[in-house]
Amino acid sequence: MNIREALPHFDVHFADLDQYIRELVEAYKTGKIRSWDDLAERVNAYFTPERMEDMEARASGWRKMASYREGMTLVHVMCVFLGLYMMPEFLSMTREQQQIMKWVILFHDIEKEPQEGKRDHAHAFRSAVAAARILPKLGFPVTVEYDSLIDGWAEYTRAAITKAEGSPHTIQDNRRLPEILDGIEKMFEPNSPAALIIKTILFHLSSIDMLAWPAPSPLTEEEVSRYFNADLVLLLRAMNLGDSEGWNMFNASREPLRQETLRAFEKVEQLIHDKDEVI
30 MNIREALPHF
40 DVHFADLDQY
50 IRELVEAYKT
60 GKIRSWDDLA
70 ERVNAYFTPE
80 RMEDMEARAS
90 GWRKMASYRE
100 GMTLVHVMCV
110 FLGLYMMPEF
120 LSMTREQQQI
130 MKWVILFHDI
140 EKEPQEGKRD
150 HAHAFRSAVA
160 AARILPKLGF
170 PVTVEYDSLI
180 DGWAEYTRAA
190 ITKAEGSPHT
200 IQDNRRLPEI
210 LDGIEKMFEP
220 NSPAALIIKT
230 ILFHLSSIDM
240 LAWPAPSPLT
250 EEEVSRYFNA
260 DLVLLLRAMN
270 LGDSEGWNMF
280 NASREPLRQE
290 TLRAFEKVEQ
300 LIHDKDEVI
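Below, the structure is given as structure tokens:
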């Protein structure tokens, strides 16, 4: 992981939110949060109009994300944070990796637009675009090419959608990934913290395909081998485990889903290992 510049810390920029998540963890551990409704009540109380305004000022799109389906996506994002802060895969990370993961969770659904009875299968690419625009404003370094590339890259990435075969749903168009990834590395440098954050968000719907949680636009093994490295896989594993926790923390299916996710990432890690051996 390339951290040549100081990594802006989530704990500094969002100190109040970080402290609140830690309070949620304590409430969960002591049995004060036992259900989705318990969590939703606390989240809705925390995000007062003033706090929502402050979040929107620093993370443009937060208010819109939080408005959908009576705050369901907002509660989900906070549940992902709650699960992440207790997760052994997160607790074993370096401090820098933990900071990167917190930024990932903050932005991973910021452009999600769910509709009644329909899932938003293309929000990962849009959320990656939002992160690419916001991270520099929070102190993440960019290359000299950033200003000349960001608008064209953002338009290209947001338009990278296609129709799922035999379905009316719009999904991400993985055929555009080479150009999208090339733009990220030109704007933020390869394997920099910002590049890893944006890539983790970009791939969080497509990195693995599971029976219980089918990916709408899964990557092929060849694409995984080509696009992933060990740093990215570490982050994506925590992201997918956290995303599952964010919906299933209070469900009986929680542990089987966790084990299936871990098995899926064992296969991903083997692909990366095999690639490195060939190189």
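According to the working numbering, the stretch in the sequence shown is residues 30 to 308, in order.
Cβ atoms here follow ideal geometry from the backbone N, Cα and C, with glycine treated the same way.
Every value quoted in this text rests on a predicted model; they were computed, and no experiment measured them.
Buried versus exposed call for residue i [16 or more other C-beta atoms within 10 Å across all chains shown]
| i | result |
| --- | --- |
| Arg155 | buried |
| Gly275 | buried |
| Thr77 | exposed |
| Gln48 | exposed |
| Gly181 | exposed |
| Ser315 | The structure shown does not extend to residue 315, since the chain is modelled only from 30 through 308, so no value can be given for it. |
| Asn203 | buried |
| Ser246 | buried |
| Asp272 | buried |
| Ser221 | buried |
| Lys61 | exposed |
| Leu120 | exposed |
| Met107 | buried |
| Asn31 | Residue placement at Asn31 is flagged as unreliable, the pLDDT there being 47, under the threshold of 50; the coordinate-derived value follows with that caveat. Flag for Asn31 reads exposed. |
| Asn280 | exposed |
Host alpha helix (DSSP H) of residue i (start-end)
| i | result |
| --- | --- |
| Ile179 | 175-187 |
| Glu218 | Taken as a continuous stretch (DSSP letters only), Glu218 belongs to no alpha helix (DSSP H), as it is neither H nor E. |
| Asn277 | 259-277 |
| Gly112 | 101-115 |
| Leu139 | Looking at the sequence provided, one finds Ile at residue 139 rather than Leu. No alpha helix (DSSP H) contains Ile139, which DSSP labels as neither H nor E. |
| Phe39 | 39-42 |
Which residues DSSP lists as bridging residue i, in chain order
| i | result |
| --- | --- |
| Ile190 | Gln201 |
For residue j and residue i, believed in contact at Cβ under 8 Å, the rounded distance
| i | j | result |
| --- | --- | --- |
| Ala159 | Glu142 | 12 Å between Cβ atoms; not a contact. |
| Pro165 | Val171 | 5 Å |
| Ile134 | Phe110 | 6 Å |
| Ala224 | Ser235 | No, Ala224 and Ser235 are not in contact; Cβ-Cβ is about 17 Å, not under 8 Å. |
| Val72 | Met115 | In fact, because the Cβ distance is near 17 Å, the residues do not count as touching under 8 Å. |
| Arg287 | Leu270 | 6 Å |
| Thr199 | Lys192 | 6 Å |
| Trp132 | Ile50 | The pair is not a contact, with the Cβ atoms about 13 Å apart (cut-off 8 Å). |
| Val262 | Glu298 | 6 Å |
| Leu231 | Ala153 | 6 Å |
| Met216 | Tyr175 | 5 Å |
Practice item. Mind listing, in chain order, the continuous beta strand (DSSP E) runs of no fewer than 3 residues lying wholly within the segment 50-94? Key: As far as the segment 50-94 is concerned, it has no whole beta strand (DSSP E) run of at least 3 residues.
Practice item. Go through the segment 221-260 residue by residue and report every complete run of the beta strand (DSSP E) that reaches 3 residues or more, in order. Key: none
Practice item. Output the residue ranges of the alpha helix (DSSP H) runs that lie fully inside the segment 142-172 and measure 4 residues or longer, sorted by chain position. Key: Every unbroken stretch of the alpha helix (DSSP H) spanning 4 or more residues and falling wholly within the segment 142-172 is given here in chain order: 152-163.
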